[in-house]
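Per the working numbering, the sequence shown starts with residue 119, numbered consecutively. We put the CB at the ideal spot given by N, CA and C, even for glycine. If you're wondering where the values come from, they're calculated on a predicted model, not measured in any experiment. Notes to accompany the following structure.
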Amino acid sequence: MNLSSFVTQADAPLVSSAEFAANTIGAAPGIFGLTAGGASAINTASALLSTRYDEYLAAKSAFDSAVKAKASARDNFANVFTTYLQQSYANPAVTDAALASIGLDSRPSRTVRPVRQPLELVVTPSTNGYIAAKWKRNQNTTATTFVLEQLSADNQWEVIWVGTRIRVELTGFTPGVRETFRVYATKADQNSAPSNTYTIYENGGNGEIQLAA
119 MNLSSFVTQA DAPLVSSAEF AANTIGAAPG IFGLTAGGAS AINTASALLS TRYDEYLAAK
179 SAFDSAVKAK ASARDNFANV FTTYLQQSYA NPAVTDAALA SIGLDSRPSR TVRPVRQPLE
239 LVVTPSTNGY IAAKWKRNQN TTATTFVLEQ LSADNQWEVI WVGTRIRVEL TGFTPGVRET
299 FRVYATKADQ NSAPSNTYTI YENGGNGEIQ LAA
């Protein structure tokens with residue numbers, strides 16, 4: 119190739135060609151009509167090119183990794199934020215003003231039919247710490263959100279699950295420990311009356327479950 123084509127090769131072949139040429143010239147600069155100083159200058163320039171190319175490859179690899187890590191972080195944030203903020207939208211105690219304060223739209227205003235009290239809540243515990251809760255929809259639409267609550271040690275109802283299903287399996291419950299649950303339906307700004315309460319291990323750790331009065 120001509121001299122112009124030689125020095126305008128793509129980076130990888132140029133680095134390889136430059137190293138070979140520099141070594142060849144350095145071994146016998148006289149046959150190329152060059153002094154030892156000229157051969158040394160070519161060798162120095164070739165070595166610098168090789169070093170900077172290696173640094174470029176390392177930086178490019180780090181950049182590519184950073185781009186992938188950033189994309190993964192975006193996906194993770196979108197998933198986590200959507201999951202939790204759906205609960206916020208479903209919770210009637212969260213105001214539209216609160217949603218607007220973080221840049222979210224208020225709930226759409228529309229006429230919805232009244233929500234109905236979920237019926238026949240049943241909670242079945244298992245020895246591996248899971249509970250399986252189910253209830254009847256009672257004519258609520260498939261878009262209706264249900265809120266499952268657990269009675270805390272200080273006798274307060276705490277939300278433990280929000281969703282549109284009428285069956286849910288949750289973990290983290292100690293076998294034999296008495297716990298009480300209820301569920302209510304919510305849609306837009308409407309909440310239904312809560313279902314019956316249901317207590318597991320009503321009599322302690324003997325494995326019994328009981329429908330609370």
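- Short of 6 Å from the beta carbon of Thr-126, and not among the five residues preceding or following it, lies no beta carbon of its own chain.
- Just so you know, the alpha carbons of Phe-195 and Leu-203 end up roughly 12 Å apart.
- Every beta strand (DSSP E) stretch that sits fully inside the region 214-273 and reaches 3 residues is listed by chain position as 237-243, 249-254 and 263-269.
- Taking C-beta separations shorter than 8 Å and ignoring five residues to either side along the sequence, the partners of Ser-168 in its chain run Val-133, Ala-136 and Glu-137, following chain order.
- Remark: C-beta atoms of Ala-140 and Asn-161 approach each other more closely than 8 Å.
- Burial check for Tyr-174: the Cβ neighbour count within 10 Å stays below 16, so the residue is exposed.
- Linking Asn-273 to Asn-209 through their CA atoms gives a straight-line distance of about 20 Å.
- With contacts defined by Cβ atoms closer than 8 Å, Asn-256 and Pro-236 form a contacting pair.
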